[in-house]
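Chains as they are written, first to last, in the UniProt record's numbering: chain Z, 1 to 517; chain P, 1 to 517.
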C-alpha cells in the first residue's frame with residue numbers, strides 16, 4: 001500500500017475541526033437511527049426503566065482505508081460463496097460425516113444435528129431455505145513478502161444471524177455525508193472522494209432477501225383468512241435492536257410485508273403448528289388474530305447461550321419442523337460451523353471442488369482461505385502439530401477451539417505452552433489457523449462519547465442472499481433460486497498493540513475509503 | 001363532534017396491546033430521529049459530557065381527533081396569512097404607529113425597532129425577506145351554542161423561529177406506521193384509516209422555503225471563489241436540535257445547499273461584512289475558507305432572553321444590515337408581536353382589509369380571530385375593562401401581557417382581582433382575549449418513558465413559506481414572490497384540569513386523525 005497515505009492517515013485535526021466533525025457525526029447518527037440502546041454500565045436500567053434512551057452507535061470518525069481490489073474481490077465472489085454454502089447445506093450425507101466427528105466434543109453441534117434428524121424422521125415439509133449470509137475477511141499482507149499485493153483472507157463465514165446489516169448501510173452514508181460537508185481536511189481530497197466511499201446497500205438488499213423468501217412461500221395454506229408474516233426470532237433484551245429494526249422497516253416500506261419480533265424464549269408460548277405443520281403466530285396484542293409465518297429469520301439461537309433448557313431446544317425443533325422457510329435451517333447453521341471452514345481450508349482439500357464445480361469460482365474462493373489445520377492424527381494434523389509446537393512457526397498461527405462459542409483463541413507464542421498443558425487427547429478440539437496479518441493503520445473510534453485513537457484492525461463483511469430448494473431425494477439435488485451480493489460491513493477494532501489507544505473488543509462500525517495501493 | 005368517538009377515544013388497551021404499541025413507538029422514534037437531547041434532570045451532563053445520548057421525543061400514543069373541516073380550513077387559509085404578514089412587514093409606516101405605542105412598556109420591541117431604524121439610516125441592501133411562519137390554532141366550540149359546528153381560532157402567529165417542523169412530519173409518519181402495523185385496536189377502524197391521518201410535509205416544504213431564499217439571492221457578490229451557504233443562527237445548547245437538523249439535511253439532500261449552525265453569541269466572532277455589506281462566514285474548522293451567506297435563518301434571537309448584553313444587539317444589527325436575506329427581518333419579527341394580533345383582532349378593526357384586499361380571503365382569516373381587546377382608554381378598551389372586571393363575563397377571557405416573553409397569563413375568575421391589585425396606569429400593558437374553548441378529549445403522552453394519560457388540549461400549527469420583495473420606495477410597494485402552505489404540527493398538552501393526569505407544560509408532538517363531526 002502507498003505508505004504515505006497510511007502513515008499520515010487519519011490526519012491530525014485542530015480543535016475546531018474535531019469539534020465540527022464530532023458534533024456533526026453525533027447529531028447525524030441520532031437523526032438517522034445509527035444508534036444502540038445504552039449499555040447498563042452507561043445508563044443503569046433504573047434510570048430509564050422503560051427504555052427511551054439511545055446512544056450513537058460506536059463508529060469510526062473516518063472511513064478506514066481499504067485496498068480497492070480487495071474490496072471488489074470480496075464483493076465479486078460473494079455469489080460463489082452463497083452457492084458454496086447452499087450446496088453444503090443441501091448435502092446431508094457429507095455434512096453427517098463432519099458432524100459425526102464433532103458430536104463427541106461439541107454438545108451444541110450434537111443438539112443441532114439431533115434437531116435435524118428429528119425433523120428428517122417426520123419428513124421436512126418445506127423444501128426452500130433462505131440464507132442471509134456474511135463472509136468476513138481481513139486484508140492480509142504476507143509478512144515474508146511485504147512487497148506483494150495485499151489480498152483478502154476469510155476470517156469466518158456466518159450462516160445465521162449475520163448482524164450489522166442495518167447499521168452498516170448508515171455508516172457509509174454517514175461518512176459520505178461528513179465528506180460532503182467538508183468535515184474531513186481538504187488534504188485528503190487527493191484520494192478521498194465520494195466515489196471512493198462505496199455506499200453499502202445492505203438494508204434494501206437484505207430486506208429484499210427476506211421478501212424473496214416471503215414471496216416464494218406462496219399463498220396462505222392454513223386458511224385464506226390468515227394473513228402472512230415474517231417472524232424475527234430475537235434475543236431479549238437486545239441492545240442492537242435498531243440494526244434489526246431497519247430491516248423490518250425496509251421490509252414493510254419497500255415490500256409491504258408485515259413482520260413481528262418474537263423473543264426466542266416465547267416461541268412455544270405464542271406459536272403453534274396446525275395439522276399440516278403450518279406455523280401460526282398469534283400476537284398477544286392482536287386478540288384472536290392469527291398470522292401464518294412464511295419465513296423465520298433467526299437473530300437468536302445461534303449460540304449455545306441462547307438455549308437455557310430443553311424448552312428452547314423444543315422450540316427450535318418446533319420451528320424447524322414447520323412449513324415456514326427458515327433463515328437459516330439447522331443444516332445451514334451447521335454448514336457455518338468452524339469445522340466446515342477448516343475442512344474446506346485444509347491444504348489440498350478436495351471438498352471445495354465438490355461444491356463449486358466451476359473452476360474459476362472455486363479458485364477465487366480458494367484464494368481467500370487462510371490455511372487451517374486439524375490437530376488430529378491425520379496427515380495434515382501431524383503437519384499442524386509440528387507447526388504448533390515450534391515457537392518460531394507457531395508465531396504465525398492462532399489456535400481456535402472447534403466448539404461454537406467455545407472459549408478464547410490462543411495466539412502465536414502462547415500456543416506451544418498451551419498445548420503442552422493439555423492432554424493430547426484434547427488437542428483435536430482445536431484447529432490451527434494461519435494468522436492473517438493486516439496492514440497497520442490508525443483511526444479514531446467514538447464510543448459512548450469517548451474518543452479512542454490508535455492502531456486498528458478492520459474486518460470486511462460481505463452480505464449475501466441465497467434462496468434455494470433443498471431437493472426431495474437423491475435424484476433431485478435441489479437448486480439455487482436467488483443469489484445476490486447484498487452490501488458490506490466494515491468493522492474496526494483496536495489492534496490490541498501496547499501502544500494503541502483503542503480498546504479491544506467489538507470496536508466500531510466503519511466504512512471503506514477505497515485506495516489503490 | 002360525534003360524541004361517541006370522543007368519549008371513548010382513545011380506547012382502553014390491554015397490557016399486551018400497551019406493550020406492543022409502546023415498544024414499536026419507542027424503537028421507531030429513535031430509528032427515525034424523532035428525538036431530543038435529554039433534559040439535565042433526566043441525564044445529568046456529568047453522565048454524558050460529550051452528548052451522545054438522546055431520547056424519544058415526547059409524543060402522543062394516538063393521533064388526536066381533529067374536525068376535518070377545521071384542519072382543511074387551517075391549511076387552506078395559510079397562504080392568505082402569509083400574504084397578510086408579508087404585507088404588514090412591508091408597511092413600515094403602519095408598523096411604526098403600533099410600535100410607538102409599545103416602546104414605553106416593552107424594551108424588547110423598542111430595541112428591535114431601534115435596530116430597524118439604524119439599518120434604515122444606512123439603507124437596506126437586501127430587498128428580499130423570507131418568512132417561515134406558523135399560525136397556531138385551537139378548535140373552538142361556542143360554550144353558549146354547543147350544537148354549532150366547531151371552528152378554528154388563532155392562538156398566535158409566529159413570524160420567527162417557528163419550531164417543530166422537523167419533528168412534526170415524523171410524528172405523522174409514526175402514527176401512520178403504528179396504524180399500518182395494527183398497533184391501534186381494530187375498533188377504531190370505522191374512522192381511523194390511512195387517509196384520515198394526513199402526512200405533514202413540513203420538512204421538505206420548509207427546506208424548500210430556505211432553498212427559495214438561497215436561490216433568489218443569486219450569485220456570490222463578494223468574490224467568485226466564495227461558496228454560498230445558509231446560516232442557521234441557533235441557541236447553544238439546543239435540546240431540540242434534531243428538529244432543526246432535519247431541515248438542514250433536507251436542504252442538503254434535496255437542494256444541494258450547504259448550511260452551518262452558528263450560536264447567536266458567536267455571530268460577531270465568526271462573521272463579518274465586506275464593503276458591500278455581504279455577510280461572510282469563516283467557519284472556525286475550515287481554515288481560511290469563507291462562505292457568503294445568502295440566508296440567515298433565525299432559530300434564536302426571538303426572545304429577550306437571547307440578548308444578554310449589548311454585544312448581542314450589535315450582532316443582530318450586523319446581520320440585519322447585511323445583504324443576506326433574513327428569515328425573518330426585524331420588521332417581520334415585529335409584525336408577529338402580540339400587539340399586532342390584537343390590533344387585527346379587535347372587533348370592528350379596519351386593519352385587516354388594508355393588508356388583505358381580497359374580501360373572501362379577509363373574511364376567512366377574520367373568522368379565525370378570537371376577539372382581542374386593548375385595556376387602554378379607547379372605546380374598545382372601555383368595553384374590555386367592563387368585561388374584565390365583571391367576574392361572570394371575565395370567566396370567558398384570558399388576560400395576556402403585551403410584552404413579548406412577558407410573564408404568565410391570567411385566566412378567567414382570576415382576572416378581576418388581578419387587575420384590582422394593579423395601578424390602572426399599568427393596565428394597558430395587558431390585552432384581554434376571549435378564551436378559546438376546545439372540545440374535551442383524552443390522549444396518552446409518552447415523555448421520558450412515563451405515560452401520562454388524561455384530558456388534553458390540542459393546538460394545530462400550520463406552516464407557511466413566503467418570500468417577498470419589500471419595495472424600494474413609496475411607489476414600489478414590493479411584491480410576494482413565493483407563497484405556500486408548508487405542512488402542519490399538532491401539539492398536545494395536558495388540559496390542566498384537576499382530574500387530568502397529563503402534566504402541564506409543553507406537552508407532546510402529535511398528529512391529526514381527521515373526523516367528521
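Glycine is no exception: its CB is placed at the ideal position from the N, C-alpha and C atoms. Small disclaimer: the values here were computed from a predicted structure and weren't measured.
Its Cα nearest to that of residue 185 of chain P, the residue P:20 stands out among P:45, P:154, P:20.
Exposed is the label assigned to residue 145 of chain P, since fewer than 16 other Cβ atoms lie within 10 Å of its Cβ. Residue pairing for residue 186 of chain Z: DSSP places it in no beta bridge. Under the three-pair Cβ rule at 8 angstroms, the segment 109–126 of chain Z does not count as touching the segment 345–359 of chain Z. When the five nearest sequence neighbours on each side are left out, the beta carbons in the same chain lying within less than 8 angstroms of the beta carbon of residue 217 of chain P are those of 128, 228, 294, 295, 324, 325, in order along the chain. Distances from the alpha-carbon of residue 254 of chain P to those of P:11, P:290, P:209, P:445 put P:209 closest.
In the DSSP assignment, residue 29 of chain P falls within the alpha helix (DSSP H) that extends over 15–31. For residue 398 of chain P, the CB contacts under 6 angstroms within the same chain, skipping 5 residues up- and downstream, are 409, 411, 433, 435 in chain order. Contacts with chain Z at 7 angstroms (Cβ-Cβ) include residue 33 of chain P. At least one CB of chain Z lies nearer than 7 angstroms to the CB of residue 449 of chain P. Within the same chain, 313 come within 7 angstroms of residue 307 of chain Z by CB-CB distance, once the 5 residues on both sides are set aside. With respect to chain Z, the C-beta atom of residue 226 of chain P has no partner C-beta closer than 7 angstroms.
When 8 angstroms is used as the limit between beta carbons, residue 267 of chain Z is near no residue of chain P, the shortest such separation being about 16 angstroms. Around residue 238 of chain P, no beta-carbon contact reaches into chain Z at under 7 angstroms, the shortest distance being about 10 angstroms. Spatial neighbours of residue 366 of chain Z in its own chain (CB-CB distance under 7 angstroms, excluding positions within 5 residues in sequence) are listed in chain order as 352. Nearest Cα to residue 467 of chain P within the set P:33, P:488, P:174, P:328: P:328.
With its beta carbon at least 7 angstroms from every one in chain P, residue 264 of chain Z lies outside the interface.
Here residue 162 of chain Z is buried, its C-beta having at least 16 other C-beta atoms within 10 Å. For residue 374 of chain Z, DSSP records a beta bridge to Z:431. The residues 175, 197, 510, 511, 512, 513, in chain order, have a CB closer than 7 angstroms to that of residue 63 of chain Z in the same chain once the five nearest residues on each side in sequence are set aside. Residue 466 of chain P carries a strand assignment under DSSP once its states are collapsed to helix, strand and coil.
Rounded to the nearest angstrom, the Cβ distance from residue 167 of chain Z to residue 34 of chain Z is 6 angstroms, consistent with a contact under 8 angstroms. Going by beta carbons, residue 446 of chain Z and residue 490 of chain Z fall outside the 7 angstroms limit.
Contact of residue 50 of chain P with chain Z is assigned, a C-beta pair being separated by under 7 angstroms. When DSSP reads this structure, residue 260 of chain P sits in a beta bridge with P:231. Distance from the CA atom of residue 264 of chain Z to the CA atom of residue 241 of chain Z, rounded to whole angstroms, is 14 angstroms.
Across the structure, residue 276 of chain P and residue 120 of chain P are spaced so that their CA atoms are roughly 15 angstroms apart. Residue pairing by DSSP leaves residue 299 of chain Z without any beta bridge partner. Proximity of residue 245 of chain Z to chain P, defined by a Cβ-Cβ separation below 7 angstroms, is satisfied. Between the alpha carbons of residue 391 of chain P and residue 156 of chain P lies a gap of roughly 25 angstroms. In this model, residue 469 of chain P and residue 130 of chain P are separated by some 9 angstroms (Cα to Cα). Each of P:48, P:55, P:12, P:9 was checked against the Cα of residue 26 of chain P, and the nearest Cα belongs to P:55.
Listed along chain Z, the residues sitting closer than 7 angstroms to residue 284 of chain P by beta-carbon distance are 16. With contacts defined by Cβ atoms closer than 7 angstroms, residue 139 of chain Z and residue 11 of chain Z do not form a contacting pair. Judged by pairs of C-beta atoms under 8 angstroms, the segment 90–102 of chain P does not touch the segment 32–46 of chain P, as fewer than three such pairs exist. Annotation: residue 326 of chain Z is outside any alpha helix (DSSP H); the continuous beta strand (DSSP E) that includes it extends over 325–327.
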